[in-house]
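Engineer: I am attaching a structure below and will ask some questions about it afterwards.
Numbering (our numbering), first residue to last: 1 to 633.
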């Protein structure tokens, strides 16, 4: 089949198309490098297709680029010389002799300003004029010659063979691949020995049908007496191996090149004839192809594949962003578990005594007068002493503050050590609760490995010492807690009835609590068992669904049911006030000395990744209507 001239296509905004394509080309590799090294490696063929077949080929006047390709000793250079109209490339030597790409450029284009620069961009170098054929025997930058008289008006490429050497170690394949990826059309030359070679065929098929399906011409070099039926059958086999069952739609022409000793000796021109009777010859077929139509077809197919693959790569990148989000959440949960572990004991004596002082400061003048006069001041202490005796409780130890300070230090050491060890694991547990996580584990994303390696080299003792140095600040009743206690006192006072306000039994209970061994406030999950504790549920703290505060005071005797209910209502908010401020302080310390570098790097990667993903998505959406399908025209 041939691709003859067709009506000009509708005008389109090439500059806008180029900008969108450039955003895709630059944005996706950067996003992949940020999130997923494996994805960055998978992007290499996609990037090459854009570089070599799209970015620099928008001028419809740019001539067709046809590459002569094949295995070793197939006769590529001989055919190239015949088509280019001169003896430019060395022939008759060993397989793999020619090592660099040679362009044959029509004279009408050779002197056009910028033409050679555009031609050489896929190779990273502007072709220089060939001064002597021996230059092609050494690897290096491409060379060019001006086509001779009678050559078709196309750019011809003589390419190194792609099968010299062993499997996986082909000497010339990188140079050959670069040339073939840059071509609009391939002229594939094969022999009786190589037509069924699947390695060669798979290599060419990958180039023709990978990103942007392209057409080709098939040239079968065979003995002059080889039966035409077998030549045709072998040629159909190659076509099917390249394209599959719709090969006829993609093969522009099939030809045979009869072997001739005079041609091999350099004393004659090769004779190339079409397999279909009456079909045009190879040079005529090349000359009849409309470069504009073929290139539009290639661009449409390439762009469709580029967009399709870019969308797939973007999905994978977004999955990488989701993994980073999940890891960030797991890291924050691990930090929350450490804070909860460190604050497992609350200095309830200090906190409740402070609340009692705040409460007393808010008494009405008459009550304060009565207390000063001794009318009610004895009641709280009598109630406390009686409660202790009836409940069998014991007075708190004299060194309650030191006891709590020791517990806080022990809890901090355990929490910081556990968090440090957890951060260095290959995966973080997902969930706010300690123990096996219902959500499973979140593996460390590849993007976070460098910063984690740096984190692992930091001296842990210095991190721990920095946190412990501020343990008194963590355990103190701070200004934020003080303000909340004041608001709590006002709220509870508004809820009290006249009798409670007069007798101040609630204030008495506040004095009983510290005196009855409520030195610490132990956090636990699940229901408390037994009648010697007050159980208060704390909703929403540390992300735990059922977190209870257990206050070890003797409540089985002596404390009125109404006062007990008031204590239960009051203790939770008091503990929560201290816990919120202390946990915020401890979180700031942990982020300063442990988790901060990890969280900052996560935020940087996520911010850049989201931005780049949005740019790529916008470029894909804007170019959704500019691509084409993969069907043959």
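Built from N, CA and C at the ideal position, the CB exists for glycine as well.
On a predicted model such as this, the values are computed, not experimentally measured, just so you know.
Output the distance between the C-alpha atoms of residue 104 and residue 41, rounded to the nearest integer angstrom.
Structural biologist: If you take the alpha carbons of residue 104 and residue 41, they lie about 34 Å apart.
Engineer: How about residue 48 and residue 181: are their beta carbons less than 7 Å apart?
Structural biologist: yes
Engineer: Output the boundary residues of the beta strand (DSSP E) element that contains residue 131.
Structural biologist: Segment: none, residue 131 is in no beta strand (DSSP E) and carries neither H nor E.
Engineer: Kindly indicate the opening and closing residues of the alpha helix (DSSP H) around residue 70.
Structural biologist: Careful: residue 70 lies outside any alpha helix (DSSP H), inside the beta strand (DSSP E) at 65-70.
Engineer: Would you call the segment 241-259 in contact with the segment 337-347, where contact means no fewer than 3 C-beta pairs closer than 8 Å?
Structural biologist: no
Engineer: By a C-beta neighbour count over all protein chains shown, 10 Å radius and 16 as the cutoff for buried, is residue 77 buried or exposed?
Structural biologist: Answer is buried; the Cβ neighbour count reaches 16.
Engineer: Under DSSP, the beta strand (DSSP E) around residue 243 begins and ends at which residues?
Structural biologist: Unbroken run through residue 243 is the alpha helix (DSSP H), 228-243; no beta strand (DSSP E).
Engineer: Going by DSSP, what residue range makes up the alpha helix (DSSP H) through residue 273?
Structural biologist: Per DSSP, residue 273 belongs to no alpha helix (DSSP H); it is in the beta strand (DSSP E), 271-274.
Engineer: Taking Cβ to Cβ, would you say residue 216 is nearer than 7 Å to residue 186?
Structural biologist: yes
Engineer: Going by DSSP, what residue range makes up the alpha helix (DSSP H) through residue 158?
Structural biologist: No alpha helix (DSSP H) contains residue 158, which is instead part of the beta strand (DSSP E) from 155-158.
Engineer: Suppose you measure from the CA of residue 452 to the CA of residue 416; what does that come to, to the nearest Å?
Structural biologist: 17 Å
Engineer: Which same chain residues, not among the five before or five after residue 79, have their C-beta less than 8 Å away from its C-beta?
Structural biologist: 68, 187, 189, 219, 257, 270 and 272
Engineer: Please classify residue 170: does DSSP put it in a helix, a strand, or coil?
Structural biologist: strand
Engineer: Check whether the segment 85-92 touches the segment 145-157, taking contact to mean three or more Cβ pairs, one atom from each stretch, closer than 8 Å.
Structural biologist: yes
Engineer: Rounded to whole angstroms, what is the Cα-Cα separation between residue 378 and residue 423?
Structural biologist: Note that residue 378 scores 40 on pLDDT, short of 50, meaning its location in the model is unreliable and no value can be drawn from it.
Engineer: Have a look at the DSSP bridge pairing and note the partners of residue 105.
Structural biologist: Note: residue 105 sits in a beta bridge opposite 146.
Engineer: Cα separation between residue 300 and residue 311?
Structural biologist: Residue 311 has its alpha-carbon roughly 16 Å from the corresponding atom of residue 300.
Engineer: Could you say which of 196, 172, 151 and 355 lies nearest to residue 287 if we only look at CA atoms?
Structural biologist: 151
Engineer: When you compare only the Cα positions, how much space is there between residue 163 and residue 90?
Structural biologist: 18 Å
Engineer: Taking C-alpha atoms, which residue in 296, 55 and 408 lies nearest to residue 64?
Structural biologist: 296
Engineer: Check the C-beta distance from residue 74 over to residue 159 and give it rounded, since I have them as a contact under 8 Å.
Structural biologist: Incorrect: roughly 11 Å between the Cβ atoms, too far for contact.
Engineer: From 488, 138, 122 and 330, pick the residue whose C-alpha is nearest to that of residue 54; which is it?
Structural biologist: 122
Engineer: Hey, would you say residue 184 sits closer than 7 Å to residue 172, going by beta carbons?
Structural biologist: No. Outside cutoff.
Engineer: Counting Cβ pairs, one atom from each stretch, are 3 or more of them under 8 Å apart for the segment 314-330 and the segment 576-585?
Structural biologist: In short, these stretches do not touch, since the Cβ pair count stays below three.
Engineer: What would DSSP say about residue 91, mapped onto helix, strand or coil?
Structural biologist: coil
Engineer: Hey, would you say residue 244 sits closer than 7 Å to residue 615, going by beta carbons?
Structural biologist: no
Engineer: Which whole-angstrom value is the C-beta distance of residue 321 and residue 606, which I expect to be below 8 Å?
Structural biologist: 7 Å
Engineer: With a CB to CB cut of under 7 Å and the five nearest residues on each side skipped, what residues in its chain are close to residue 418?
Structural biologist: Within the same chain, Cβ atoms closer than 7 Å to the Cβ of residue 418 are found at 338 and 341, the five residues on either side in sequence being excluded.
Engineer: Which two residues bound the contiguous beta strand (DSSP E) that contains residue 219?
Structural biologist: 215-222
Engineer: Measure from the alpha carbon of residue 198 to the alpha carbon of each residue in 229, 70, 610 and 306, then state which is nearest.
Structural biologist: It is 70.
Engineer: Going by beta carbon distance, what residues of the same chain come within less than 6 Å of residue 282, once the five residues before and after it are set aside?
Structural biologist: 255 and 272
Engineer: Since residue 443 contacts residue 426 with CB under 8 Å, what's their CB separation in whole angstroms?
Structural biologist: 6 Å
Engineer: Candidates 450, 578, 457 and 467: which alpha carbon is nearest residue 483's?
Structural biologist: Nearest option by C-alpha distance: 578.
Engineer: Tell whether a beta-carbon distance below 7 Å holds between residue 612 and residue 31.
Structural biologist: Result yes, Cβ atoms of residue 612 and residue 31 sit closer than 7 Å.
Engineer: Shortest alpha-carbon distance to residue 485 belongs to which of 403, 356 and 430?
Structural biologist: 356
Engineer: Straight-line CA distance for residue 138 to residue 52?
Structural biologist: One Cα belongs to residue 138, the other to residue 52, and the distance between them is close to 23 Å.
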